[in-house]
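In the working numbering, the protein residues as written are 902 to 1132. A virtual CB, placed ideally from N, CA and C, is assigned to each residue, including glycine. Given the structure is predicted, the values throughout are model-derived calculations rather than measurements. These notes concern the structure reproduced below.
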């Protein structure tokens, strides 16, 4: 299948290769663009260099790409998934990788270690109360740095020739300008995105585990089941 994937420019670098491993092709569509907050990036890097944090948590690859080249002194570093970890490792930053693909996995992963620890989080200017409240409830001290903003492009998604459309985040769905077409298979990268889509009146037929690979695997399972049912 040819899959349109909602992506921020610069985050799609490995998509084609990863998609091809599952027998499909893909291209990017852009309901959102990122605007870097250089002042917040500088404040974060300075705070890291002063040793103000016991742990850094990178919730996606983009903040890793923004700040990793600027970091000199490092505490414990946690990446949300393998793609974020790869971005950090490109700059020789050793990190641990969460076993799941959701920020809610962060506190259970750290366990009792988090109590009294200062956690630095460079991220998008999008609220994540579930993560912040969980860290605070576990006794951690949160330091958020909104290093970039996400703004709608207001451009209609180019879906000509697409067999499927994969929404990679809840916000990419809520801000997308698109017209459903007959035969277009709608997918969600994970359950949080799927919940937002369902609430908005679009029920995805394929839901991944929060990763591209997991979504492609779920797609292949869906296609196999669908063919078996129709046969």
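Item, Value
"Would you list the one or two residues that DSSP bridges to residue 1044?", "1021"
"What does DSSP give as the partner residues of residue 997 in its beta bridges?", "979"
"Quick one: what's got a C-beta closer than 7 Å to residue 989's C-beta in the same chain, skipping five residues either side?", "959, 965, 969, 978, 980, 996"
"Exposed or buried, what is residue 932 when buried is set at 16 or more other beta-carbons lying within 10 Å of its beta-carbon?", "buried"
"Taking the alpha helix (DSSP H) that residue 919 belongs to, which residues open and close that run?", "916 to 921"
"Given a cut-off of 8 Å, decide if residue 1117 and residue 1089 are closer than it, judged by their beta-carbon atoms.", "no"
"Compare the C-alpha of residue 1103 against each of 1112, 1079, 1124 and name the closest.", "1079"
"Distance, Cα to Cα, residue 948 vs residue 1047?", "14 Å"
"Applying the criterion that 16 or more other CB atoms from any shown protein chain within 10 Å of the CB defines a buried residue, is residue 908 buried or exposed?", "buried"
"For residue 1094, count neighbouring C-beta atoms within 10 Å of its own C-beta (all shown protein chains included) and say buried if the count is 16 or more, exposed if not.", "buried"
"Can you list, in chain order, the residues of its chain with a C-beta nearer than 8 Å to that of residue 1033? Leave out the 5 residues immediately preceding and following it.", "1043, 1045"
"Measuring alpha carbon to alpha carbon, tell me which of 1016, 1014, 1009, 993 ends up nearest residue 999.", "1009"
"On the CB-based measure, 16 or more other CB atoms within 10 Å of its CB, does residue 1130 come out buried or exposed?", "Here the model assigns residue 1130 a pLDDT of 49, short of 50, so the residue's position is not dependable and the matter cannot be decided."
"I think residue 1029 touches residue 1004, with their Cβ atoms under 8 Å apart; what is that distance to the nearest whole Å?", "6 Å"
"For a test of the three-state rule: what should DSSP assign to residue 907, helix, strand or coil?", "strand"
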